[in-house]
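Okay, so here's the structure we're looking at.
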Amino acid sequence: MRVFSAMFAAVVFCAASSLSQAADAPASGWTLDRLMNTLGAKKSGRAHFTETRYLKIAQEPLESSGELVFVAPDHLEKHTVSPKPENLVVDGDMLTVDRNGRKVTIPLRNYPELGAFIESIRATLAGNRFALESAYKVSIDGRGDDWTLTLVPIDSRMQKKVSEITLAGTGAALARVEIKEADGDRSLMRLQDASSH
């Protein structure tokens, strides 16, 4: 599930760095289509992240931080700096994990649930509502200056991994993304756009 939360976070930071275009939209004009159009307009981005994971097997929440990178159409990276260095890179159909000095590359086709999850991310980044709705029940609440996007997996295999993903934004900035896993674990990631730094 760490890969799931890492890759979905790329959607989030991309949204955070591109939603400024939607800030001026009238409240009545804020729709799922408008959000998809805004997300699809951003072709690359970079963000600092802080992630807190709440696991049933851990007495205390686990904290991590680092940087996320997205380059359209299909390149996503998560570089964890703290507490331990780790790099996750999705490029095309391949996932590379670099941890503890060991690098492993695996084809996503060998992991259909993970592949479907990542494809839904790419659909979101591309602003492809049809592809997103083929994997999730999608709902949006609020307005352009205070909105929440909720994704609930449709596929039964995904439902065994993830029960719900919630993205929330205030104004032109995305405030958080929360992933609730089917086993009761959850993660909360906060992002800060780093594209202009």
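Residue numbers -22 to -1, 1 to 175, in mature numbering (1 follows the signal peptide of the UniProt record, and there is no 0), belong to the letters of the sequence shown in order.
The beta carbon of each residue, even a glycine, is placed where N, CA and C say it ideally should be.
On a predicted model such as this, the values are computed, not experimentally measured, just so you know.
Can you tell me the Cα-Cα spacing of K56 and L66, whole angstroms? Working through the sequence shown from its first residue, we reach residue 56 at position 78. Working through the sequence shown from its first residue, we reach residue 66 at position 88. Each residue's Cα considered, the two are about 5 Å apart.
Between R12, K34 and S43, which has its C-alpha nearest D161's C-alpha? Taking the first residue of the sequence shown as position 1, residue 161 is located at position 183. With distances taken between Cα atoms, D161 lies closest to K34.
Local conformation of G18 per DSSP, three classes: Against the sequence shown, residue 18 aligns to sequence position 40. Of the three classes helix, strand and coil, the one that applies to G18 here is helix, per DSSP.
Could you tell me which residues DSSP pairs with I143 in its beta bridges? On the sequence shown, position 165 is the one that residue 143 refers to. As a beta-bridge residue in DSSP terms, I143 pairs with L129 and I157.
Neighbourhood of E156 by C-beta distance below 6 Å, restricted to the same chain and skipping five residues each side: Locating residue 156 in the sequence shown gives position 178, counting from the first residue. So the qualifying residues of the chain are T144 and L166.
Can V140 and E111 be called in contact, C-beta distance under 8 Å? Indexing the sequence shown from 1 puts residue 140 at position 162. Indexing the sequence shown from 1 puts residue 111 at position 133. It is not a contact, given that the beta carbons lie outside the stated cut-off.
Closer than 6 Å by C-beta to G105: which residues in its own chain qualify, once you throw out the five before and the five after it? Chain order, please. The residue you call residue 105 lines up with position 127 of the sequence shown. Once the five neighbours on either side are set aside, the close Cβ partners of G105 are M14, N15, L17 and G18.
C-alpha distance - I118 paired with T126, whole-angstrom precision: Here residue 118 refers to the residue found at position 140 when the sequence shown is read from its first residue. Here residue 126 refers to the residue found at position 148 when the sequence shown is read from its first residue. Approximately 6 Å, taken between the alpha carbons.
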